[in-house]
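Notes to accompany the following structure.
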Amino acid sequence: MICVRVLGAAAGGGFPQWNANSEACRRARAGDPAARAATQASIAVSADERHWFIVNASPDLRQQIEANRSLQPTNGLRSSPISGIVLTNGDVDAIAGLLHLREGTQLQLYAHPAVLKVLDENPVFDVVDRAIVPRRPLELEVWQPLCPASGEKSGLEVKAFALPGKVPLYREGETGEDAMFDADGFTLGLEIRGGGARFAYVANCGAITDAVAARLAGMPLAFIDGTLFTDDEMILQGVGRKTGRRMGHVSISGADGSLERLKPLGIGRKIFIHINNTNPILLADSPERRQVEAEGFEVAHDGMEVRL
Ligand code: MLT
Ligand code: MN
């Protein structure tokens, strides 16, 4: 069996976002139960409920650990049930939380060499001591065991695969518009398996290409990029100039959207995650939420648990 815990359901910035004064964010701040606040996207995965691996180290990681009993220490004066971190990209909302993990507990850090290079080149991340937190390259299309530092078996294996995506925002200035989307290793999907179960994590994905669709077909569970409902919603809401496409995120609606593309693939559970504060599916009483649920999709929330 695999246990998956959603630590954070929201995209970068969270919900509410610190500088956002939209009606949705105001409702979340007011504690409206139909506008549940959400931290930045991350999941914790375990096959034995003793060793946990966290997919993406969100800037909210400390708060997420305090909100999830199973991630808190139970042994001695210093310990953690967190055995390792797996990064799917180098965006700030996926790596900033590494800085929370600098207090000398052994962990394994898995990421694509392109993302490890970003960490290696940025001395701020040296606070996470490599002697204690070794950096392990993720190879594409290869099953790799996720190993606790103790050498025990976690019972989990991961296989990373390339997704359409983009270089991190802070690298955009170094490339032209085209090269930005030609960003090997900067956007990974993960298949994770253990104890006879498996699922996919595709929380940053620029398009549901035929290759992505083939990968997800028949999957018992898939977490899906739920950043935007409509490609131009940030522009229409007057809070940004970028489309989802430009940000490297496929939208939910539209002929090429994730809803239409993923519906026919026989995926057991389809759960949107990495949901931007502009996306109306965050609101339990919105027509868009009703639509995705009617089409057989779910919307992640902080604390959601899935066992398979
Ligand atoms: C994204 O998912 O597009 C990024 O998190 C954006 C950002 O780095 O702010
Ligand atoms: Mn993001």
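Offset between the sequence shown (1-based) and our numbering: plus 1.
Just so it is clear, CB atoms sit at the ideal spot from N, CA and C, and this is done for glycine as well.
Please read all numbers here as calculations on a predicted model, not as lab measurements.
8 Å Cβ shell around residue i - same chain, five flanking residues per side excluded
i	result
Glu67	Gln73
Ile282	Gly227, Phe230, Ile253, Phe273, Ile276, Glu289, Arg290, Val293, Val300
Glu296	Leu260, Lys264
Element boundaries [beta strand (DSSP E), containing residue i]
i	result
Arg136	136-138
Ala25	Taken as a continuous stretch (DSSP letters only), Ala25 belongs to no beta strand (DSSP E), being part of the alpha helix (DSSP H) at 24-30.
Val7	4-9
Ala45	43-47
Leu260	Premise fails: Leu260 lies in the alpha helix (DSSP H), 259-263, not in any beta strand (DSSP E).
Arg194	189-195
Glu178	From DSSP, Glu178 is part of no beta strand (DSSP E); its letter is neither H nor E.
Bounding residues of the alpha helix (DSSP H) (the contiguous stretch that carries residue i)
i	result
Leu237	234-237
Asp211	211-217
Val293	288-295
Ile66	62-68
Arg246	245-248
Distance, residue j Cα to residue i Cα
i	j	result
Arg63	Gly98	8 Å
Ser81	Glu104	11 Å
Val116	Val213	21 Å
Ile193	Phe298	20 Å
Ala184	Ala215	21 Å
Ile253	Gly227	6 Å
Pro146	Ser71	21 Å
Asn280	Ser287	10 Å
Gly156	Met305	22 Å
Ile225	Asp232	16 Å
Gly241	Asp49	43 Å
Ala58	Glu234	27 Å
Asp179	Asp211	21 Å
Phe200	Gly152	24 Å
Residues near residue i by beta carbon distance below 7 Å, same chain, minus five either side
i	result
Ala10	Ala39, Ala42, Ile274, Ile276, Ala301, His302, Asp303
Gly13	Gln41, Asp92, Val93, Asp94
Contacting residues, own chain, Cβ-Cβ under 6 Å from residue i (five flanking each side not counted)
i	result
Ala208	Pro165, Val251
Arg28	Ala36
Gly249	Gly166, Lys167, Gly207
Beta carbon proximity, residue i to chain B, threshold 9 Å
i	result
Ala208	This model lacks chain B altogether; it includes just one protein chain.
Please enumerate, following chain order, all residues with a beta carbon closer than 7 Å to at least one heavy atom belonging to the ligand MN.
Every residue passing the under-7 Å Cβ criterion appears here: Ala12, Gly13, Ala42, Asp92, Asp94, Ala95, Asn205, His275.
Output the residue ranges of the beta strand (DSSP E) runs that lie fully inside the segment 95-146 and measure 3 residues or longer, sorted by chain position.
Whole beta strand (DSSP E) segments, 3+ residues: 109-112, 136-138, 144-146.
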